[in-house]
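Since the structure comes first, as structure tokens, the remarks are kept for the end.
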Amino acid sequence: MIGDSSHSVESRIPFYGKLFSLIAFVIILNLPAPADMTSSAQRLAAITALMAILWMTQAIPIAATSLIPLVAFPVFGIQDPKTVSGSYMNENIFLYMGGFIIALGIEKWGVHKRIALNTIRVIGSSPRRVVLGFLFATAFLSMWISNTASTLLMLPIGMAIIGSISELAMFDSEEDSSKAIQHFSVALLLGIAYSASIGGVTTLIGTPTNIAFQSIWTSQFPDGPQLSAGEWMIMVVPFGITFLLLTWMVLCWNMPRLSSSKESSKAIINEHVRKLGKPTRPEILMLMVFVVTAVLWITRKPLTFGEDFVLLPGWESLPLHFLTRWGIPVESASGWVHDSTVAMGMALLMFAIPAQKSEQGETEYLMDWETAERLPWGVLLLIGGGFAIASAFSSTELSDWVGQVFSQLIAGWPAWALIFAACLMLTFLTEFTSNIATVNTVLPIMAATAVSLDIDPRLIMIPAAISASCAFTMPIATPPNAIVFASGKIKMSDMLKYGIILNLIGVFLLTAFMWFYFVPQLGIEFGSAPEWLHQHKP
Numbered sequence: 000m001i002g003d004s005s006h007s008v009e010s011r012i013p014f015y016g017k018l019f020s021l022i023a024f025v026i027i028l029n030l031p032a033p034a035d036m037t038s039s040a041q042r043l044a045a046i047t048a049l050m051a052i053l054w055m056t057q058a059i060p061i062a063a064t065s066l067i068p069l070v071a072f073p074v075f076g077i078q079d080p081k082t083v084s085g086s087y088m089n090e091n092i093f094l095y096m097g098g099f100i101i102a103l104g105i106e107k108w109g110v111h112k113r114i115a116l117n118t119i120r121v122i123g124s125s126p127r128r129v130v131l132g133f134l135f136a137t138a139f140l141s142m143w144i145s146n147t148a149s150t151l152l153m154l155p156i157g158m159a160i161i162g163s164i165s166e167l168a169m170f171d172s173e174e175d176s177s178k179a180i181q182h183f184s185v186a187l188l189l190g191i192a193y194s195a196s197i198g199g200v201t202t203l204i205g206t207p208t209n210i211a212f213q214s215i216w217t218s219q220f221p222d223g224p225q226l227s228a229g230e231w232m233i234m235v236v237p238f239g240i241t242f243l244l245l246t247w248m249v250l251c252w253n254m255p256r257l258s259s260s261k262e263s264s265k266a267i268i269n270e271h272v273r274k275l276g277k278p279t280r281p282e283i284l285m286l287m288v289f290v291v292t293a294v295l296w297i298t299r300k301p302l303t304f305g306e307d308f309v310l311l312p313g314w315e316s317l318p319l320h321f322l323t324r325w326g327i328p329v330e331s332a333s334g335w336v337h338d339s340t341v342a343m344g345m346a347l348l349m350f351a352i353p354a355q356k357s358e359q360g361e362t363e364y365l366m367d368w369e370t371a372e373r374l375p376w377g378v379l380l381l382i383g384g385g386f387a388i389a390s391a392f393s394s395t396e397l398s399d400w401v402g403q404v405f406s407q408l409i410a411g412w413p414a415w416a417l418i419f420a421a422c423l424m425l426t427f428l429t430e431f432t433s434n435i436a437t438v439n440t441v442l443p444i445m446a447a448t449a450v451s452l453d454i455d456p457r458l459i460m461i462p463a464a465i466s467a468s469c470a471f472t473m474p475i476a477t478p479p480n481a482i483v484f485a486s487g488k489i490k491m492s493d494m495l496k497y498g499i500i501l502n503l504i505g506v507f508l509l510t511a512f513m514w515f516y517f518v519p520q521l522g523i524e525f526g527s528a529p530e531w532l533h534q535h536k537p
């Protein structure tokens, strides 16, 4: 009876999702608009509420919900069709597409299984240790390359490890085996996504929101103290490590332990590695594509330490340099090379690299279109829908309105409450908006508020910038969230359950770090305004 009741409630969720989404849409659309909110911003708020409820309840397929802006934005006068459709096919969409094609190639030739088994052998076969190893490996990658790229690199390995552990039946639990494997799968895949975002905030170059903060800070307060890359790492890396450990504890809570009664897992893994035999030609070529892609992503832009010390010059300007030397005027194209250029370039190359001869004597290539058609088109639409909403938030000035409301609310609050409010607002706002767009909108408002309150702007601007990368609840919140959601092993309920917990942990943890560690590290003094504060008002 209990099971039937639970199933009955679950079966009614889509109906209630459609009902409540329409009710929310109609109510927001017909409420009197605040004096300083544009009518188009109110219409966008209604559409965003509609989509958010449909996404959370899965009342209709998630990919289908993501297509709503293509219809609703032109009909309700928010954006024209050309503008809104452009959000679904931009350079970032092609970055994900190229990465997915490379991941399909890794799976096609079995490279992922070889890497996975060897990774388990090195890290250890305990499910908890595997998750911990992936958390720190992904976070380290995200310190230097984009969160998206690091997620795309780690996902196929994680998927293979899930398959390997499933085959080896490593769990010793009274739970149903499928439930145990599901718990491990969710922990590992969400761990990859969440650690990519956490790792990105620990370096100034790790995520665009950090770069945006530095740019806004320099322009708003040129006479204020400037943070170097090394100073940022000394300050934020301890926060990142602590957050990773807490994330690991949350994801692995009540995870079944490895059986001690069965044959040594290490021996089993070694046997599976032995059965794979020597690497084949396609495996070696595919591994080379994988490594070259990673190296090109890492080295595209200069790796710097501080403002003047360059650890490694970037290669992105080299093609233009050689074209210029050959007399081809391409100086205006500087900066046009993007991570998507690398991803699509390597993906296209896979269609041209001979891998082996088939039994019929025909040449097989690293990638064929039949395999490429398995791309997760739904997640590409999901990401496009997120970009469309973010673009509309900016064009309708809804982001401006939200930021202004936030700045008005925090006026007169004690310092710790300002920090907490900044973290809470940015964390949950970026669940539905582009974090870089939100930071670009809100940070200047916070800078102006800090000047009017005679407090050091870093007190609220730094935690706000970091919190913008700590949204873990919605697939559209960050590209890593969307990418792992596309694996098909993550339910919306899983992401909501763990995401809300980690969102709140992040808010409290960052508030504590800002108050007890960042403030002394930065030399922020309370009770008096810094001398440089009013020398250049924003």
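354 is the number that numbering that gives the first Met the number 0 gives to position 355 of the sequence shown; each next residue is one higher, with no gaps.
No residue lacks a Cβ here, since even glycine has one placed at the ideal position from N, Cα and C.
Here the structure is a predicted model, which is why all the values come from computation and not from measurement.
F72 and P80 have their alpha carbons spaced roughly 8 Å apart. As summarised for the segment 205-261, the continuous alpha helix (DSSP H) elements at least 4 residues long and confined to that stretch are 207-219, 228-250, given in chain order. Per DSSP, reduced to three states, the secondary structure at K488 is coil, with no helix or strand assignment. When Cβ pairs closer than 8 Å are counted between the two stretches, the segment 85-95 is seen not to touch the segment 493-512, the count staying below three. Taking a cut-off of 8 Å on C-beta distances, the segment 483-491 does not touch the segment 240-250, as fewer than three cross pairs fall below it. Counting the other Cβ atoms within 10 Å of the Cβ of V25 gives fewer than 16, which makes it exposed. In its chain, beyond the 5 residues on either side, A186, L187, G190, W247, L250, C251 have a beta carbon closer than 7 Å to the beta carbon of V130. By the C-beta criterion, the segment 101-110 is judged not to be in contact with the segment 211-221, since fewer than 3 inter-stretch pairs fall below 8 Å. W108 and A32 have their C-alpha atoms spaced approximately 57 Å apart. At a cut-off of 4 residues, the continuous stretches assigned as alpha helix (DSSP H) that sit fully inside the segment 453-490 are 457-466, 478-484.
Judged by DSSP secondary structure, Y95 falls within the alpha helix (DSSP H) whose first and last residues are 90-107.
Sequence-distant Cβ neighbours of T362 in its own chain, meaning closer than 7 Å and more than five residues away, are P353, K356. The alpha carbon of P281 has as its nearest neighbour, out of M158, I160, F350, A45, the alpha carbon of F350. Only exposed fits I233, as fewer than 16 other CB atoms lie within 10 angstroms of its CB. Counting along the chain, the unbroken beta strand (DSSP E) around Q355 starts and ends at 353-356.
E282 carries a helical assignment under DSSP once its states are collapsed to helix, strand and coil.
The C-alpha of A48 is placed about 12 Å away from the C-alpha of T56.
Beta-bridge pairing by DSSP links E363 to Q355. Taking S398 as the centre and dropping the five residues before and after it, the same chain places the C-beta of F392, T432, A436, T437, T440 closer than 7 Å to its C-beta, in chain order. The distance from the Cβ of T340 to that of T37 is about 37 Å, inconsistent with a contact at the 8 Å cut-off. Secondary structure of L374 (DSSP, three-state): coil.
Ranked by Cα distance from I61, the options I92, F139, P375, R457 are led by P375. When secondary structure is reduced to three states using DSSP, L203 falls in the coil class, being assigned neither helix nor strand.
Positions of the alpha helix (DSSP H) runs, each at least 4 residues long and wholly inside the segment 511-536, are given as 518-521 in order along the chain. For A387, the closest C-alpha among the options R273, P68, A34 is that of P68. Taking all protein chains in view, the Cβ of K112 is crowded by 16 or more other Cβ atoms within 10 Å, so the residue is classified as buried. Looking from the CA of L203, the closest CA among L28, D453, Q181, S227 belongs to S227. Judged by their CB atoms, A449 and P456 are nearer to each other than the 8 Å cut-off.
Burial state of V200 is buried, judged by a 10 Å Cβ sphere holding 16 or more other Cβ atoms. The shortest C-alpha to C-alpha distance from L425 to any of A485, P519, A476 is the one to A476.
Around L28, the same chain offers Q41, R42, A45 as residues with beta carbons nearer than 8 Å, after the five sequence neighbours per side are excluded. In the DSSP annotation of this structure, the continuous segment of the alpha helix (DSSP H) that includes T64 starts and ends at 61-64.
For the pair C422 and L521, the Cα-to-Cα distance works out to about 18 Å.
Judged by beta-carbon spacing, A342 lies within the 8 Å limit of G98, meaning their Cβ atoms are closer than that value. Per the coordinates, the alpha-carbon of F321 lies some 47 Å from the alpha-carbon of R128.
The beta-carbon separation of A63 and P13, rounded to 12 Å, does not stay under the 8 Å limit for a contact.
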